[in-house]
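Enquirer: So the number in the numbering used here is just where the residue sits in the sequence shown, counting from 1, plus 33. Here a beta-carbon is modelled for each residue, glycine too, at the ideal position from N, C-alpha and C. Sharing a structure below in structure tokens format, with a few things to ask.
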Amino acid sequence: MDRLTIEGGRPLEGTIAVSGSKNAALPILVATLLTDEPCVVDNVPAGLRDIKTTVRLLESLGKRVRVGGASVRVTAAGSLKTQAPYDIVQQMRASVLVAGPLLARFGLVRVPIPGGCAIGLRPIDIHLQGFEAMGARRIADEGDIILSAPRLAPGALRLRFPSVGATENLMLAAAATPGRTTIRNAAREPEIADLAAFLVRLGARVEGAGTSAVTIEGRLRLKGARHRVIPDRVEAGTYLIACAAARGRLRLKNAEAGHLTAVIAALRRAGARIRFGRGWIEIAMDGRPQPVSMRTAPYPGFPTDLQAPWMALMALSSGAARVREDVFENRFLHAAELARLGARISVSGAAAAVSGVEQLSGAPVMASDIRAGAALLVAALAARGRTVIQRVYHVDRGYEDVEGKLSRVGARVARLK
Ligand code: EPZ
34 MDRLTIEGGR PLEGTIAVSG SKNAALPILV ATLLTDEPCV VDNVPAGLRD
84 IKTTVRLLES LGKRVRVGGA SVRVTAAGSL KTQAPYDIVQ QMRASVLVAG
134 PLLARFGLVR VPIPGGCAIG LRPIDIHLQG FEAMGARRIA DEGDIILSAP
184 RLAPGALRLR FPSVGATENL MLAAAATPGR TTIRNAAREP EIADLAAFLV
234 RLGARVEGAG TSAVTIEGRL RLKGARHRVI PDRVEAGTYL IACAAARGRL
284 RLKNAEAGHL TAVIAALRRA GARIRFGRGW IEIAMDGRPQ PVSMRTAPYP
334 GFPTDLQAPW MALMALSSGA ARVREDVFEN RFLHAAELAR LGARISVSGA
384 AAAVSGVEQL SGAPVMASDI RAGAALLVAA LAARGRTVIQ RVYHVDRGYE
434 DVEGKLSRVG ARVARLK
């Protein structure tokens, strides 16, 4: 298993090119299951493990996939299967998104129930309730869920929580269901709006994506399309927070500041100077961060995916900050690892109290999920001495060429195979 070694305490100076959004690319690639015509998806972070897993998933269902740089071409290769393989779903929970398009097109789908993971139980009840409200019947069988509906019916759906995955799954199903489906209390994340833009290119009508009421007018036959994925706001936010922790001056290109409003506001309160324009964001930081408390919330709130990196930054603040996690029930595993670097954090339920220290120091640590890994990276870049991050495959799920990007802006990061 690969490890990353970081010699910390060096400021970040230079430019990082932000990749396309992993969490937008995943549902868009899955949306190619809605058509038999060729699709091309550009600006895909194709080096990421989760994207490679998605390519394998599409191939296992009968698509032909060609990856060339950041462009992914998906074409038909015979008829599609309606059963998602267990080993792939276990590796990547977002695999359950194939349920929507396959159920809508073929009236039947079989998907293994994804297990819980390090950040929480992560049930899929909201997805299933939505499919049932569209007329699907659910049968559980040996750990798999079988959904059947000779023909899904469009309808008025209301989610009990604005789940990103459930909103996407139901949009995918509705796009291939003739008639008008409305999803209320829908997730408002930018990735939802990007999926909507792709569905429109395929020939569906979608209104309201990015608001809490999304209306989809589906069609029986959708066509092929080409689409460019939005920039990865979580990757961009991670590098901004890393620069605030390690200090220096960083320019992000291919970045969208409009998707990071809550994070930029928090960084400014912490003392960072931030400027942005069309497609770029610049950050400069020279002192110790001010303490800034925050709580995670669905978009446009502070993203849960940046809570762990934020905690790493606050570990260095000049006071006490509170961090609340209100999206996932168990997303604080990084607190104990940050403590190994000298952070002072006490966790109680969904809240963590962070008392800033002047200096962190390098140590061996272990990543437990993608963003916990990112938090360790942020802390390690700022810490004095050498940190070794184990289980770096978690980081590789969400950060393309992390050591290359950071090395080019002055960090000492190396991968040990
Ligand atoms: C997406 O996960 C992202 N993943 C996550 O990013 C992100 O943290 C999350 O949205 C929240 O922003 C992808 O886009 C591939 P949810 P998703 O459904 O769709 C509960 C990363 O680091 N819930 O909005 O799974 C759930 O347990 C990943 O890149 C139910 O109770 O998130 C959680 O507590 C990690 N029942 C909350 O809702 C359901 O049926 C939010 O989950 C569905 C969700």
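Here's a check: name, in chain order, each residue in its chain whose Cβ is nearer than 6 Å to the Cβ of G241, leaving out the five neighbours to either side.
Expert: For G241, where only same-chain residues beyond five positions count, the Cβ hits under 6 Å are V247 and T248.
Enquirer: DSSP three-state label for P71, please.
Expert: coil
Enquirer: Go through its chain and collect everything with a Cβ distance to A103's Cβ below 8 Å, but skip five positions before and after it.
Expert: S52, G53, D75, N76, V77, P78 and A79
Enquirer: Could you tell me whether the Cβ atoms of L371 and A345 are closer together than 8 Å?
Expert: Yes, these two residues count as a Cβ contact at 8 Å.
Enquirer: Taking 8 Å as the cut-off, decide whether the C-beta atoms of G395 and L374 are in contact.
Expert: yes
Enquirer: Assuming A64 and F231 form a contact by the criterion Cβ under 8 Å, report the distance between their Cβ atoms to the nearest whole angstrom.
Expert: With 8 Å as the limit, A64 and F231 qualify as a contact, their Cβ atoms being about 6 Å apart.
Enquirer: Please list the terminal residues of the continuous beta strand (DSSP E) segment that includes R302.
Expert: Careful: R302 lies outside any beta strand (DSSP E), inside the alpha helix (DSSP H) at T294 to R302.
Enquirer: If we ignore side chains and look at the alpha-carbon of each, how far apart do L283 and I49 end up?
Expert: 7 Å
Enquirer: Please return the same chain residues whose Cβ sits closer than 8 Å to the Cβ of K96, not counting the five positions on each side in sequence.
Expert: T65, L66, V107, T108, A109, A110 and L113
Enquirer: Work out the CA separation of I422 and L410 for me, nearest whole Å.
Expert: 8 Å
Enquirer: Would L454 and A353 qualify as a contact pair, given that the criterion is a beta-carbon distance under 8 Å?
Expert: Because the chain spans 34 through 450 in this model, residue 454 falls outside it and cannot be assessed.
Enquirer: Using a Cβ-Cβ cut-off of 6 Å (strictly less than) and excluding sequence neighbours within five positions of G406, which residues of its own chain qualify?
Expert: A400, H427 and V428
Enquirer: Nearest-angstrom Cα distance between V425 and P211?
Expert: 44 Å
Enquirer: Restricting to Cα atoms, I'd like to know which of V435, F361 and R417 is closest to D35.
Expert: V435
Enquirer: Less than 8 Å separating the beta-carbons of A209 and P134?
Expert: yes
Enquirer: Tell me the rounded alpha-carbon separation between I11 and H260.
Expert: Examination of residue 11 is not possible in this model, given that the chain is present from 34 through 450 alone.
Enquirer: Are the region 192-210 and the region 39-49 touching by the rule of at least three beta carbon pairs closer than 8 Å?
Expert: By the criterion of at least three beta-carbon pairs nearer than 8 Å, the region 192-210 is not in contact with the region 39-49.
Enquirer: Using DSSP bridges, identify the partner residues of I451.
Expert: Because the chain is modelled from 34 through 450, residue 451 falls outside the range shown and cannot be assessed.
Enquirer: Are R280 and M327 touching if we call contact CB-CB under 8 Å?
Expert: no
Enquirer: Using only the heavy atoms of the ligand EPZ, determine whether one of them is closer than 7 Å to the beta carbon of E224.
Expert: yes
Enquirer: Apart from the five residues just before and just after E224, which ones in its own chain have a Cβ nearer than 8 Å to its Cβ?
Expert: S54, N56, A57, P60, V197, E201 and I263
Enquirer: Give the DSSP bridge partners of T115, in chain order.
Expert: Bridge partners of T115: none, in fact.
Enquirer: With DSSP run on the structure shown, which of helix, strand or coil describes F231?
Expert: Under the three-state reduction of DSSP output, F231 falls in the helix class.
Enquirer: State the DSSP-derived secondary structure class of P397, mapped to helix, strand or coil.
Expert: strand
Enquirer: Please tell me whether, using a cut-off of 7 Å, the distance from the CB of E362 to the nearest non-hydrogen atom of the ligand EPZ is below it.
Expert: yes
Enquirer: Residues bridged to M327 by DSSP?
Expert: V356
Enquirer: Verify whether the separation of the beta carbon atoms of V144 and A132 is less than 8 Å.
Expert: Using a Cβ distance threshold of 8 Å, V144 and A132 count as a contacting pair.
Enquirer: Is there contact here, the region 82-97 with the region 292-304, by at least three beta-carbon pairs under 8 Å?
Expert: no
Enquirer: DSSP on Q423, reduced to helix/strand/coil?
Expert: If DSSP states are grouped into helix, strand and coil, Q423 belongs with the strands.
Enquirer: Pop quiz: P333 and A295 are said to be a contact at Cβ under 8 Å. What is the actual Cβ separation, rounded to whole angstroms?
Expert: Right, their Cβ atoms sit about 6 Å apart.
Enquirer: Can the beta-carbon of V267 be found less than 8 Å from the beta-carbon of G431?
Expert: Yes, the pair counts as a contact, with Cβ atoms nearer than the cut-off.
Enquirer: Which value, in whole angstroms, describes the spacing of the CA atoms of R308 and Q340?
Expert: 22 Å
Enquirer: Going straight from the alpha carbon of K187 to that of A277, what length do you get?
Expert: Sequence inspection shows Pro at residue 187; the Lys mentioned does not correspond to that position. So the alpha carbons of these two residues sit roughly 47 Å apart.
Enquirer: Run through the DSSP bridge pairs and tell me what I172 is partnered with.
Expert: I179
Enquirer: State the Cα-Cα distance for the pair G418 and P397, rounded to the nearest angstrom.
Expert: 11 Å
Enquirer: Taking the continuous beta strand (DSSP E) assigned at E315, which residues delimit it?
Expert: The continuous beta strand (DSSP E) containing E315 extends over residues W313 to M318.
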